[in-house]
Amino acid sequence: MAANPKSWKTKQQLPQAIALGLERLREWGAQPQQRPTPLNEDATLTGAMLTLARYEGERPSVEQACRIGDERFIPKAL
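Printed below as a string of C-alpha coordinates:
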(Lines of atoms letter the chains of each structure in order from A; the text may use other names.)
(Lines give C-alpha, C1' and ligand atoms only; values in the text may rest on other atoms or scores of the structure.)
Protein backbone atom coordinates (compact mmCIF):
# COMPACT_ATOMS: atom_id res chain seq x y z
CA MET A 358 0.00 0.00 0.00
CA ALA A 359 1.41 3.38 -1.00
CA ALA A 360 1.88 5.99 1.69
CA ASN A 361 -0.79 8.64 1.82
CA PRO A 362 0.74 12.16 1.61
CA LYS A 363 -1.97 13.48 3.94
CA SER A 364 -1.09 10.91 6.59
CA TRP A 365 2.56 12.02 6.45
CA LYS A 366 1.50 15.66 6.91
CA THR A 367 -0.58 14.58 9.89
CA LYS A 368 2.31 12.62 11.39
CA GLN A 369 4.56 15.66 11.03
CA GLN A 370 2.13 17.67 13.18
CA LEU A 371 2.05 15.17 16.04
CA PRO A 372 5.03 16.54 18.03
CA GLN A 373 3.55 20.05 18.00
CA ALA A 374 0.09 18.74 18.92
CA ILE A 375 1.51 16.73 21.81
CA ALA A 376 3.50 19.74 23.04
CA LEU A 377 0.37 21.90 22.98
CA GLY A 378 -1.60 19.24 24.83
CA LEU A 379 1.08 18.90 27.49
CA GLU A 380 1.20 22.68 27.88
CA ARG A 381 -2.56 22.80 28.44
CA LEU A 382 -2.43 19.97 30.97
CA ARG A 383 0.27 21.84 32.90
CA GLU A 384 -1.89 25.00 32.84
CA TRP A 385 -4.60 22.92 34.50
CA GLY A 386 -2.19 21.79 37.20
CA ALA A 387 -1.32 18.35 35.87
CA GLN A 388 2.25 17.09 35.92
CA PRO A 389 2.50 14.78 32.89
CA GLN A 390 5.66 12.71 32.64
CA GLN A 391 7.02 10.65 29.77
CA ARG A 392 7.22 6.92 30.39
CA PRO A 393 10.75 5.49 30.36
CA THR A 394 9.55 2.84 27.89
CA PRO A 395 6.34 2.67 25.83
CA LEU A 396 3.49 0.48 27.04
CA ASN A 397 3.08 -2.94 25.48
CA GLU A 398 0.27 -2.97 22.92
CA ASP A 399 -1.97 -5.09 25.18
CA ALA A 400 -1.65 -2.49 27.97
CA THR A 401 -2.69 0.51 25.86
CA LEU A 402 -6.20 1.92 25.78
CA THR A 403 -7.02 0.38 22.41
CA GLY A 404 -4.69 -2.60 22.50
CA ALA A 405 -3.44 -3.90 19.19
CA MET A 406 -6.71 -3.00 17.47
CA LEU A 407 -5.66 0.53 16.53
CA THR A 408 -1.93 0.40 16.02
CA LEU A 409 -0.97 2.59 13.10
CA ALA A 410 0.45 -0.31 11.10
CA ARG A 411 -2.73 -2.35 11.52
CA TYR A 412 -4.97 0.62 10.76
CA GLU A 413 -3.09 1.52 7.59
CA GLY A 414 -2.73 -2.11 6.51
CA GLU A 415 -6.35 -3.16 7.01
CA ARG A 416 -8.41 -0.10 6.21
CA PRO A 417 -10.58 -0.29 3.08
CA SER A 418 -9.45 1.28 -0.17
CA VAL A 419 -10.60 4.76 -1.23
CA GLU A 420 -13.07 3.10 -3.60
CA GLN A 421 -14.59 1.09 -0.75
CA ALA A 422 -14.73 3.76 1.95
CA CYS A 423 -15.23 7.52 1.94
CA ARG A 424 -12.18 9.44 3.19
CA ILE A 425 -13.77 12.85 3.86
CA GLY A 426 -16.48 11.91 6.34
CA ASP A 427 -19.56 9.75 6.71
CA GLU A 428 -20.98 9.62 3.19
CA ARG A 429 -24.48 9.01 4.59
CA PHE A 430 -24.48 12.66 5.64
CA ILE A 431 -22.69 14.23 2.66
CA PRO A 432 -25.07 15.83 0.14
CA LYS A 433 -25.03 13.98 -3.18
CA ALA A 434 -25.42 17.19 -5.18
CA LEU A 435 -25.34 20.84 -4.23
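Per this note's numbering, the very first residue in the sequence shown carries number 358; after that it's consecutive.
Glycine included, C-beta positions come from ideal geometry on N, C-alpha and C.
Just so we're clear, the structure is a prediction, and the values are computed from it rather than from any experiment.
- Counting only residues of its own chain and dropping the five nearest sequence neighbours on each side, Gln421 has no CB closer than 8 Å to any other CB.
- Nearest to Glu398 by C-alpha distance, out of Thr408, Gln390, Arg392, Gln391, is Thr408.
- Around Arg411, the same chain offers Ala405 as residues with beta carbons nearer than 8 Å, after the five sequence neighbours per side are excluded.
- Residue range 409-415 is occupied by the alpha helix (DSSP H) that includes Leu409.
- Excluding sequence positions up to five before and after Arg392, its CB lies less than 8 Å from no other CB in the same chain.
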